[in-house]
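For the protein sequence lines, the chains are A and B, in the order given.
With the working numbering applied, the first sequence covers 1 to 462.
With the working numbering applied, the second sequence covers 1001 to 1486.
We treat Cβ as the ideally placed atom computed from N, Cα and C, and that holds for glycine.
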Amino acid sequence: MSHDALFTALGVITVGAPVALLVVVGLSALAGWSLSERATSRFTEAAVVVGLIASIAVLALMLVSGRRNVPIELGNWVAIPHEHFHFHLSFMFDRLSVPFTILTFTLVGTIGAFANRYLHRESGYHRFFLLYAVFLVGMVVACLAATIETLFLGWELVGLSSALLVAYFHERPTPVINGQRVWSVYRVSDAALLIAAVALHHLTGEGDFIKLMGQSAWPDGHAALTSAQALFVGLLLLVAAAGKSALIPFSGWLPRAMEGPTPSSAVFYGALSVHLGAFLLLRAGPILDESWLLCAAVFLLGAATAVFAAMAARVQADVKSALAFASLTQVGIITAEIGLGFRYVALVHIIGHACLRTLQLVRAPTLLHDYHSLENAIGEHLPGNSGYIERRMPEQAGVRLYRWALERGYFDALINHYVVRPFLSTFRWCDRMERRWIGALRGAAPGEFEREATPAYPEELL
Amino acid sequence: MNTMALPWLQLAILAPLIGALWAGRLRDPDIARRHSLVACSLALVAALAAWINFASLDGAVAADRWDLYALRTGSPLLTIDALSAPLVPVGALFLLLVVLATPRTKLRRVSFAWILLSEAILLATFCCQQPWVIVGLLAAGTVPPWAGLRSFPGSRRVYAIHMLLFVALLGGGQTLLTLYAISSPLHLLGIVLLTAAVLVRSGIVPVHCWMTDLCEHGSFSNSLVFVVPMVGAYAAMRLVLPIAPDWVLRGIAILSLITALYAACMSLVQRDARRFFCYLFLSNSSLVFVGLETATPVALTGALCVWISVILSLGGYGLTLRAIEHRVGRVSLDKFYGLYQQTPGLAALFLLTGLASIGFPGTIGFIGVELLVDGAVMVHPLFGILIVLAATLNGLAILHAYFRVFTGTRRSGTIDLQARLSERVAVLVLAVLILGGGLFPQPGVTSRYLGAMQLLRQREELPGAAPHGHARGAFGARWHGWFAER
């Protein structure tokens, strides 16, 4: 078998294994056939192990053959040849996508095994693994995507599964409200990515990363865009990345996402999902290189997020929120590294950070138990460890900073105040006016119909 | 013109028509439902046969065999072309699902005779290309919902005002078009009146209130039958698009875009689930109009794809909502119902149909929305951005409604809320179509592209018409200049 045929076979297996898992779990759920926990766990293990082995084999083959960039063409999903419209399904194995895919399979597999015990006999066991399968497909497709449209496909799957997993404990309102909030931010991010994809397609005539970035393998390459075009597309991509990676001002969703079950918090928001924005910026590296203004914006956003998250992490009252902000600090630094052009540093940073954070989050529930044991043993609270800056800071400034950090930079409050409330009040007014108009047409007494228009939508849901 | 092997179109129309007459005579609603199911199934089979027969003929238009009207006048009354071929079976399927999934508790309140009559009129409309016949059928189509509103006098009045306006504009416009030559200003006035009629029928802002009132206060089954197949879009395609000047189309596109955004925003502040559904539907159906009126091949193909997807996805969404209402009464979106554990199948369909309507990947709406955005951007970048924005807001509304209906403290009760067999069948049929159309979109896109090209060819026959769409505005031209800068 030639190298090309072997690459294609392994590439198809890498993508096909998670898809097969989704088909099995999804069809059984849709048809109302209840798989046993054992069967679900076995299917999940098999899909992850097969996908992982295939992706490692691709890496090994790339190292042996010396190829840095292996495109796998699956042909056109949809094409209108006369109009030059095509939705090309192709995947790309390169120095960025292969480590990311292996990382995805490793962490998702680890968490799958953990969740199998953690959620044993939970009523939502099958729902968790269905969403887990959607997430895995989304991550693998997004990582390996060779076109921006394919990346968008995976991106959306990751977003939906994440939001529904945050709302996993759906008998309580708070996880549901937080799930809705996460979805809202993700939709903004999706919209920015879709507009960027369409703009890129029209600017270059291609959504294909290989053609878009020239024939050079990642991280080299040269985007076929002018500086102004790169700035326009790049800013849209930055908004998309900011939403997905919880960079400011969208940081509010990350601690909210910790409302989900610990396994999903660990692998999705602590490790993989939160790095997907950074991955997008890495993939779009050649576009960043075309505009120093764009690079500066990426760096500043990353640095500001890191500083904010570092402060917020120090004042959180619960371990998962503290870990969420600690994670965000690193994501901010990674984004700043991308802005500075350190692509390999950022990639290594992502891999190391994702593994560490997964371990910490999975360990979090037992860590609390250990802390309690320690405190019981010494008979008092563990000593605090205030840092140098805290000790030197004037008390008043310290209190203000503490409050600012505790309120998570007021970002959610600002968004609520300047976006959500005006939006709701405007359209509630429109709703009242419409009802008044309908009332007039019906010949009803003035005000009779307006009374039905009581506010419906709690603003935290937006 | 090709002729089909059998009179499929007449059979598809006659089955529900005879079924309506028959069901109207039956006293037992359960028997009426079963007989209606037979009539709807026959109509669907005939419609599918017509589509298959048309596809095998390899021609632009196919006439029905033994068309009585053709024997008298020489030109066939019932025809099928690339544009209407899939619409006829999709419309028949939707009506079949409406009857199939009607809850037993609602049998006495649903008039199957009126539903079947609506189906016959709908299918006849989709099978017609002659302007005056379409006008007559569109006017006749407004009668069944009006009859269904007899228990709701207030809503009947609102509905009657708007539909009278619609029929008057439609009749007036078509009369002017018939009487005056193209060069006459009154001919142009006729086009404007027809356009206004289409806007009223389609619920484009600011003449949309009848639709929200109908959904909120009327019978939900009747409302779904009347609004979901989007007959207004068909009227726009057959009566307006082939003859309207560019500025009229651009005006419709802008108004539709405003409606799409406005309705998406309004869906986020609704408390009543039916009203919420109506705004969601308005937002999505307006997107179809945006694509139709941009009159470029890609956008038009996208619009035609979205049209099919809206009928299937939002039709399914409405039916799911009706099934939920049957279990818990009128649904208010300011509380949690916690229905997931009892009705996981309905929860899955609610989410699936909702996501399909916003063009989520893997569902039937995905490629349609992609095409629509892609085509709209070429006309004007703002069009594309606003379509994406409307889809984004609709996405928020979809998940909000899902969370409200299916999450929350689990409902306790002794009544079994599980989906019935007929509902499960409806769920599976819709799920297969939504996912199948999403995963294998090429046949659907090819078919819609042929339909789009047929429409554009009709426009090109207009004196002075630009090939494949109208000229771009100044900003659009600048944008394209910027594209070309590379």
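{"Check": "is_contact[residue 1014 of chain B, chain A] using C-beta, thresh 8 Å", "Outcome": "no"}
{"Check": "Near-chain A residues of the segment 1429-1445 of chain B - C-beta to any C-beta below 7 Å", "Outcome": "1431, 1441, 1442 and 1445"}
{"Check": "Contact with chain B by residue 191 of chain A, beta-carbon distance below 8 Å", "Outcome": "yes"}
{"Check": "Residue 70 of chain A, enclosing beta strand (DSSP E) - first and last residue", "Outcome": "69-80"}
{"Check": "Below-8 Å beta-carbon distance, residue 412 of chain A vs any chain B residue", "Outcome": "no"}
{"Check": "Option in B:1174, B:1023 and B:1067 with minimal Cα separation from residue 1117 of chain B", "Outcome": "B:1023"}
{"Check": "Top-ranked residue by Cα proximity to residue 1252 of chain B, from B:1266, B:1232, B:1268 and B:1147", "Outcome": "B:1232"}
{"Check": "Any chain A beta carbon closer than 8 Å to residue 1357 of chain B", "Outcome": "no"}
{"Check": "Endpoints, the alpha helix (DSSP H) within which residue 1063 of chain B is located", "Outcome": "Residue 1063 of chain B -> not in any alpha helix (DSSP H); beta strand (DSSP E) instead, spanning 1061-1063."}
{"Check": "Interface partners of residue 1266 of chain B on chain A, CB under 9 Å", "Outcome": "427, 430, 431 and 434"}
{"Check": "Same chain only: Cβ atoms within 6 Å of residue 301 of chain A, ignoring 5 sequence neighbours per side", "Outcome": "247"}
{"Check": "Cβ of residue 157 of chain A within 8 Å of any chain B Cβ", "Outcome": "yes"}
{"Check": "Beta-carbon proximity check, residue 186 of chain A vs residue 154 of chain A, cutoff 8 Å", "Outcome": "no"}
{"Check": "Where residue 1384 of chain B meets chain A, residues with beta-carbon distance less than 8 Å", "Outcome": "195 and 198"}
{"Check": "Residue 1272 of chain B - partner residues in DSSP beta bridges", "Outcome": "B:1332"}
{"Check": "Classification of residue 1418 of chain B by the beta-carbon crowding that lies within 10 angstroms, buried from 16 upward", "Outcome": "exposed"}
{"Check": "Option in B:1332, B:1284, B:1213 and B:1451 with minimal Cα separation from residue 1388 of chain B", "Outcome": "B:1284"}
{"Check": "Alpha-carbon spacing of residue 267 of chain A relative to residue 1195 of chain B, whole angstroms", "Outcome": "54 Å"}
{"Check": "Residues from the segment 1400-1426 of chain B in contact with chain A, defined by Cβ distance under 8 Å", "Outcome": "1400, 1403, 1406, 1407, 1408, 1409, 1410 and 1424"}
{"Check": "Any 3 or more C-beta pairs closer than 8 Å across the segment 1040-1058 of chain B and the segment 1140-1159 of chain B", "Outcome": "no"}
{"Check": "Under 8 Å between C-beta atoms of residue 1189 of chain B and residue 1316 of chain B", "Outcome": "no"}
{"Check": "Buried versus exposed call for residue 1186 of chain B [16 or more other C-beta atoms within 10 Å across all chains shown]", "Outcome": "exposed"}
{"Check": "Per-residue contacts from residue 1297 of chain B into chain A (C-beta, under 8 Å)", "Outcome": "80, 82 and 83"}
{"Check": "Where residue 217 of chain A falls: helix, strand or coil (DSSP)", "Outcome": "coil"}
{"Check": "Residues near residue 1155 of chain B by beta carbon distance below 7 Å, same chain, minus five either side", "Outcome": "1149, 1213, 1214, 1217 and 1218"}
{"Check": "Heavy atom of the ligand SAM within 7 Å of residue 1440 of chain B beta-carbon", "Outcome": "This structure lacks the ligand SAM, and indeed carries no ligand of any kind."}
{"Check": "Cutoff 8 Å: residue 16 of chain A Cβ touching any chain B Cβ", "Outcome": "no"}
{"Check": "Straight-line gap, residue 5 of chain A to residue 288 of chain A (C-alpha atoms, nearest Å)", "Outcome": "34 Å"}
{"Check": "Contact set for residue 357 of chain A: own chain, Cβ-Cβ below 8 Å, skip 5 residues either direction", "Outcome": "266, 270, 271, 323, 326, 327 and 330"}
{"Check": "Chain A contact for residue 1348 of chain B (CB, 8 Å cutoff)", "Outcome": "yes"}
{"Check": "Expected contact under 8 Å - CB spacing of residue 144 of chain A and residue 101 of chain A to nearest Å", "Outcome": "6 Å"}
{"Check": "Under the three-state DSSP convention, the category residue 208 of chain A falls into", "Outcome": "strand"}
{"Check": "Closest Cα partner of residue 1245 of chain B within the set B:1230, B:1192, B:1257 and B:1146", "Outcome": "B:1192"}
{"Check": "Simplified DSSP state of residue 1079 of chain B, which is helix, strand or coil", "Outcome": "strand"}
{"Check": "Cβ pair residue 1223 of chain B, residue 1260 of chain B closer than 8 Å", "Outcome": "no"}
{"Check": "Coil, strand or helix - residue 147 of chain A by DSSP", "Outcome": "strand"}
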